[in-house]
Amino acid sequence: MDLSKFTAKLYKIIKEDKIIKENKTVREHTDDLLNNLEFLNDLGYINKESIYNLTKIACEYHDYGKVNREFQNRIKNETKFNEEKEIAHNVLSLYFINPDDFEEEKDYYRVCFAVLYHHYYCDGLKVLSEKTDLIENLLSEFETYELDEFTPMEIGDIKSDDEAILIKGFLNKCDFSASGNTEIEYKNDFLEESLEGLLNSWKIDNKEAKWNELQQFAKDNRDNNIMVVAQTGMGKTEAGLHWIGNNKGFFILPLKTAINAIYDRVSNGIVKENNNEEKHKVALIHSDSLSYYISQNEDTNIVLDHHREGKQLSIPISIATLDQIFDFVFKYKGYEVKLATLSYSKVVIDEIQMYSADLLAYLILGIKTIIRLGGKVAILTATLAPFVKDLLLEDNNKLGFVEGTFVNELKRHNLKIYDDKINADVIYNKYIDNKEKKISNKILVVCNTIKKAQEIYNELKDKNIDNLNILHSKFIKRDRAYKEEQILEFGKTNHIGDGIWISTQIVEASLDIDFDYLFTELSDINALFQRLGRCNRKGVKPAYDYNCYVFLQIERNLLTNGDKGFIDKKIYELSKEALRNVDGLLSEEEKVNIINRTLTTENIKGSDYWSKYTEFFDYVSGLNPYEVDKKDVKLRNIISFDIIPQCIYEKNESEIESLLEIINDEKTDKINRIKSIDKIKSFTVSVGQYDIELLKNKLIMELEVGKYERIPVYKCNYSELGFTRNTKEDVYDNFI
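Per the numbering used here: the sequence shown ends with 770, consecutive numbering throughout.
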């Protein structure tokens, strides 16, 4: 059939910020897909020849259904789809596929599945069964092939087949790229050279500079899945990049602040993409990535193209949050394109110990799926609980992980254990003692809750500490960003300072800070060792005397009990016992040994954490394709609301009103509208469900910042402490 006679679509392509309408024939569009597929194959991204051949057939036939007269008339007249007269083209396309062209019957059904589900305009299987007369009428002038009565059932049954998933994923990827007029992939031919350039820059200051044993291990094991425990400061980022090499790669991290920092470091310090040039090497993928790009670059076209290509997963190196990549485990409509991309990618999981039970379940299932489909995974972490390791190595290490441990006898931390609750007096006495000795006096206090951090702040404030600061997640975004800049500057290794910073779990992994002394509550042993990493981080300060003070006792209502509490009771008790007899210097190797003795599978079984992990893993493993709608997919069960405190609104009213005028002006372009919305959002603080319930009668107004988005202004308590609840009731959420 001559497909050049038929129009595929009236494409709307954005060129230089203008929408240009462009007709393409079915033949032209199909050839675009085939060229995309060929490009992927030439890059070596399609692991099996059979997948390539079957995807090629799917690409060829996916839009043949568009040749029907009703579709052609609709495109010509620019009218809407009429389900009384028309059948979705993806359904009709099946009738052009000859079942006799396949050596295996299953391959025919795999291709049919990919073609039928490359769009979701309708319930394809239902239409195949119920609208046979209309289908026959629309295809009467073409040479087609009948579908036997079992074909719809066979197509439905093959949805979970690995090869069918990949064929559909590659078809979608080729189609999205062709329809959007974007590159399907950019080749990674630069990373290994960039890393050698980094090493050469080190050699300017030190001729003996070389990759350390961790980085060399990663380099030597590029063809393997690796599981690495390496102490803080060993260069895990460079190790991960070495392992990726000149391949497509993803870096997965738990927190956005850490992701932004690594993105900056990789794109500016290693790969060195110029801000004024098109960016096709490193992408940032999280919920606020467009806003971050805009804050870094003034060029509208570069920003929008970079963001779009990042979301389409066509950039060689992506730095991302778990939820942006691993949501494929929910098998929502269209999840296959992500899996197809990951089937030829190398995925680095950084700091696996930071994940809650539900996220760990999604992560473990995702890792197993990626490896099964052909991708590779590297786990790089400061600590690795034995029970997590067991989950990854089950079935005699079926996933084929090569293990490596890189710790030494360096003793950075000298621990004093208190079998008591955290105490402002102890902190104050140490601060005064250091001050009298005229030594560097940078003290970090880490609490398990915002409420406790605020209490300690108030108690120390009453003692007239000169330089007292507090940082947690319940500050408005503008204040938090400023505080993060301050703590990063104050916490530089070579900065000799005098002051106290009080914070929460947010400092565990997201901020590169180095304090002289740490005072912390215990939550669990993993989190504790992360917190220790914020003190004497580089190990260059003497640790003859105590520099880390750990308080074992915490409020009992923080411990899990039914649906209350957020610190696992059993893991907390295990951690407490493991630390009870610790006193003095603790080497990196000893930390690993403590974790290996404490967090075993045998010890963890029976804990709330283990029960939740098992529940979530079983649930998501048992999902059928398309059972969950993508809009309902949430990897984290944290309900939060962004609000503006009334006092903040009143203080910044004129600026906010000016920004609203820009947002609501139809002449405002997309970038300036986003910038203005982001500026208004910088006045917001994220609060929980319980906070909103307490404030239900305190709503002042709502600011309209988009067609479907409003930001509420509430009368609430906001001060130097951040947001505080107007209640004495001990209610704790998992905000940090």
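Idealized CB from N, CA, C, for every residue including glycine. What you are looking at is a predicted structure, and each value in this text was computed from that prediction instead of being measured.
Just tell me which of the options has its CA closest to the CA of residue i.
i, options, result
"Asn457", "Asn560, Tyr389, Glu589, Ala264", "Glu589"
"Tyr724", "Gly756, Ser674, Thr718, Asp357", "Ser674"
"Lys730", "Asp357, Ser710, Arg759", "Arg759"
"Ile484", "Glu272, Val541, Glu117", "Val541"
"Leu77", "Tyr643, Asp546, Cys582, Tyr220", "Tyr220"
"Glu188", "Leu556, Leu433, Tyr643, Cys146", "Cys146"
"Cys750", "Phe650, Lys114, Thr718, Glu743", "Thr718"
"His314", "Leu376, Val305, Ser716, Lys100", "Val305"
"Leu694", "Leu522, Ser710, Asp703, Phe757", "Ser710"
"Asn258", "Asn431, Tyr179, Ile353", "Asn431"
"Glu661", "Glu247, Val363, Leu427", "Val363"
"Glu272", "Ile199, Lys244, Lys665, Leu289", "Lys244"
"Leu733", "Tyr516, Ile677, Leu755", "Ile677"
"Leu232", "Ser301, Thr291, Ile349", "Ser301"
"Leu159", "Glu139, Lys90, Val125", "Val125"
"Arg61", "Lys100, Phe509, Leu128", "Lys100"
"Tyr297", "Glu343, Glu177, Trp277, Tyr327", "Tyr327"
"Ser716", "Ile466, Tyr683, Asn468, Arg144", "Tyr683"
"Phe600", "Lys367, Tyr389, Phe204, Ser325", "Tyr389"
"Ser507", "Ser645, Lys290, Ser655, Lys610", "Lys290"
"Ile121", "Thr89, Ser163, Cys93, Lys110", "Ser163"
"Asn87", "Ile638, Phe136, Ile386, Leu181", "Phe136"
"Lys486", "Ala292, Leu128, Lys668, Gln587", "Gln587"
Going by the beta-carbon positions, is the gap between residue i and residue j smaller than 8 Å?
i, j, result
"Val584", "Thr554", "yes"
"Asn70", "Ala212", "yes"
"Arg568", "Leu552", "yes"
"Lys472", "Tyr378", "no"
"Leu399", "Phe184", "no"
"Ser474", "Gly525", "no"
"Met268", "Ile413", "no"
"Tyr95", "Phe130", "yes"
"Tyr366", "Asp663", "yes"
"Gly303", "Ile319", "no"
"Leu566", "Asp546", "no"
"Leu505", "Trp535", "yes"
"Arg144", "Ile201", "yes"
"Cys681", "Tyr748", "no"
"Gly279", "Arg299", "no"
Rounded to a whole number of angstroms, what is the C-alpha to C-alpha distance between residue i and residue j?
i, j, result
"Asn81", "Lys372", "16 Å"
"Arg571", "Thr527", "8 Å"
"Leu168", "Pro133", "22 Å"
"Gly533", "Phe549", "10 Å"
"Lys52", "Asn215", "The predicted position of Lys52 is uncertain, since its pLDDT is 43 and thus under 50; no value can be drawn from it."
"Leu68", "Lys193", "23 Å"
"Ile629", "Ala148", "46 Å"
"Glu754", "Asp424", "45 Å"
"Thr403", "Tyr580", "46 Å"
"Thr41", "Asn335", "29 Å"
"Arg744", "Met735", "10 Å"
"Ala252", "Leu449", "32 Å"
"Val765", "Lys598", "Low per-residue confidence applies at Val765: pLDDT is 47, beneath 50, and the placement is therefore not dependable enough to give any value."
"Asp699", "Lys497", "51 Å"
"Lys46", "Ile383", "In this predicted model, Lys46 has a pLDDT of only 47, less than 50, meaning its place in the structure is not dependable; the value taken from the coordinates is given anyway. About 38 Å."
"Ser235", "Asp333", "30 Å"
"Ile714", "Phe105", "45 Å"
"Glu727", "Asp459", "35 Å"
Would you list the residues sitting across from residue i in a DSSP beta bridge?
i, result
"Ser301", "Bridge partners of Ser301: none, in fact."
"Tyr583", "Lys450, Phe553"
"Thr758", "Asn751"
"Trp277", "DSSP lists no partner for Trp277."
"Ile536", "Val479, Ile504"
"Pro679", "Tyr748"
For my contact list, residue i and residue j are in at a C-beta cut-off of 8 Å; report their separation, rounded to the angstrom.
i, j, result
"Phe563", "Thr355", "Wrong, their Cβ atoms sit about 23 Å apart, outside the cutoff."
"Tyr647", "Ile605", "Not really, about 12 Å apart at Cβ, beyond 8 Å."
"Asp617", "Ile461", "In fact, because the Cβ distance is near 19 Å, the residues do not count as touching under 8 Å."
"Phe360", "Leu394", "Wrong, their Cβ atoms sit about 11 Å apart, outside the cutoff."
"Leu275", "Leu225", "6 Å"
"Val263", "Val626", "6 Å"
"Gly203", "Ala374", "3 Å"
"Glu443", "Ser621", "5 Å"
"Asp239", "Leu407", "Not really, about 44 Å apart at Cβ, beyond 8 Å."
"Tyr666", "Asp602", "The amino acid occupying residue 666 in the given sequence is Asp; Tyr does not appear at that position. That pair is no contact at about 27 Å."
Does chain E have any CB closer than 8 Å to the CB of residue i?
i, result
"Asn581", "You won't find chain E in this structure, because it holds only one protein chain."
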